[in-house]
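Asks: Please read through the structure below; I'll follow up with questions.
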Amino acid sequence: MSDAKLTTLFWSFLKIGTFTIGGGYAMIPLMEKELVDRHGWLSKEEFLDLLSLSQAMPGIFAANMASSVGQRLRGWQGAVISVLGNIFMPILIILLLAVFFRYFAGNHIVDSIFKGVRPAVVALIAAPVFKMAKTAGITWKTLWIPVLAAVLIACLGVSPIWVVLAAIVGGLIYGMLLRRKEARQ
Numbered sequence: 040m041s042d043a044k045l046t047t048l049f050w051s052f053l054k055i056g057t058f059t060i061g062g063g064y065a066m067i068p069l070m071e072k073e074l075v076d077r078h079g080w081l082s083k084e085e086f087l088d089l090l091s092l093s094q095a096m097p098g099i100f101a102a103n104m105a106s107s108v109g110q111r112l113r114g115w116q117g118a119v120i121s122v123l124g125n126i127f128m129p130i131l132i133i134l135l136l137a138v139f140f141r142y143f144a145g146n147h148i149v150d151s152i153f154k155g156v157r158p159a160v161v162a163l164i165a166a167p168v169f170k171m172a173k174t175a176g177i178t179w180k181t182l183w184i185p186v187l188a189a190v191l192i193a194c195l196g197v198s199p200i201w202v203v204l205a206a207i208v209g210g211l212i213y214g215m216l217l218r219r220k221e222a223r224q
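Quick note on numbering: the sequence shown equals residues 40 to 224 in my numbering.
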């Protein structure tokens, strides 16, 4: 358990949920800045581990991440407060958009705004990929693994579940081979 205050957790996740355009993956840079850099609640490695866990769990990535961090820092109360902070503004914004959508549907200015935001969202998603690769220890020798995984999923339509299972098996085999090599020396 941490000395993080519940109110600080709420406000941190409220900020993350409010200022992220593009959904769960686009909020990764803001989460890292807030949780690792600003508050020091997690190390970069812990952040990457929780990120991986949150992606693997069923449900909404952002809520999974908020509940994982909140639970780690303040138990079940921290999990609840973090999730509430994270989802409050997006839900409010979605409700307001739903109410006023009919007034903006087909408006060329609004359409232009959304078209202009799309490239920024792609950048928001791409930026943490490079940071995570660095934190995960991806080198030029191991770069082929995430590239192959991306090609299998995006180009060949292989289910991410099979890619993750193959990575687990590959990691186990690599670990066993490494231990055998060390045992011989």
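C-beta atoms are modelled at their ideal positions from N, C-alpha and C, and glycine is treated no differently.
1) Skipping 5 residues on each side, what residues in its chain have a beta carbon closer than 6 Å to that of residue 81?
2) Within this structure, are the beta carbons of residue 107 and residue 87 separated by less than 7 Å?
3) Identify the continuous alpha helix (DSSP H) that holds residue 167 and give its terminal residues.
4) Examine the ligand MG and report whether any of its heavy atoms sits within less than 6 Å of the Cβ of residue 120.
5) Could you pull the start and end residues of the alpha helix (DSSP H) that residue 224 belongs to?
6) Terminal residues of the continuous alpha helix (DSSP H) containing residue 72?
7) Just mark residue 125 as buried or exposed, buried being the case when its beta carbon has 16 or more other beta carbons within 10 Å.
8) On the premise that residue 45 lies in contact with residue 113, defined as a C-beta separation below 8 Å, what is that separation, rounded to the nearest angstrom?
9) Does DSSP classify residue 88 as helix, strand or coil?
10) Using beta-carbon positions only, say whether residue 117 and residue 109 come within less than 7 Å of one another.
11) Would residue 163 and residue 65 qualify as a contact pair, given that the criterion is a beta-carbon distance under 7 Å?
12) Taking 7 Å as the cut-off, decide whether the C-beta atoms of residue 210 and residue 129 are in contact.
13) Under the rule that 16 or more other beta-carbon atoms within 10 Å means buried, what is residue 131, buried or exposed?
Replies: In short, the structure shows the following:
1) What you label residue 81 is simply residue 42 of the sequence shown in a count that begins at 1. So the qualifying residues of the chain are 74 and 75.
2) Within the sequence shown, the letter at position 68 stands for residue 107. Within the sequence shown, the letter at position 48 stands for residue 87. In this structure, residue 87 does not lie closer than 7 Å to residue 107 by Cβ.
3) The count along the sequence shown starts at 1 and reaches residue 167 at position 128. 147 to 175 is the span of the alpha helix (DSSP H), which, as asked, contains residue 167.
4) With respect to the ligand MG, the structure offers nothing, as it holds no ligand at all.
5) Position 185 of the sequence shown, counted from the start, is the residue given in the question as residue 224. First-last for residue 224: undefined, no H or E at that position.
6) By one-based count along the sequence shown, residue 72 stands at place 33. Careful: residue 72 lies outside any alpha helix (DSSP H) and carries neither H nor E.
7) Mapped onto the sequence shown, residue 125 falls at position 86. Result: buried.
8) Here residue 113 refers to the residue found at position 74 when the sequence shown is read from its first residue. Here residue 45 refers to the residue found at position 6 when the sequence shown is read from its first residue. The pair is a contact, with the Cβ atoms about 6 Å apart (cut-off 8 Å).
9) Within the sequence shown, residue 88 is the residue found at index 49, counting from 1. Reduced to three states, the DSSP call for residue 88 is helix.
10) Residue numbering aside, residue 117 sits at position 78 when the sequence shown is read from its first letter. Residue numbering aside, residue 109 sits at position 70 when the sequence shown is read from its first letter. Yes, these two residues count as a Cβ contact at 7 Å.
11) To locate residue 163, count along the sequence shown from 1; it is residue 124. To locate residue 65, count along the sequence shown from 1; it is residue 26. Their beta carbons are under 7 Å apart, which means residue 163 touches residue 65 by this criterion.
12) Start at 1 with the first residue of the sequence shown, and residue 210 comes out as number 171. Start at 1 with the first residue of the sequence shown, and residue 129 comes out as number 90. No, the Cβ-Cβ distance between residue 210 and residue 129 is not below 7 Å.
13) As a working mapping, residue 131 is identified with position 92 in the sequence shown. When all chains shown are included, residue 131 counts as exposed.
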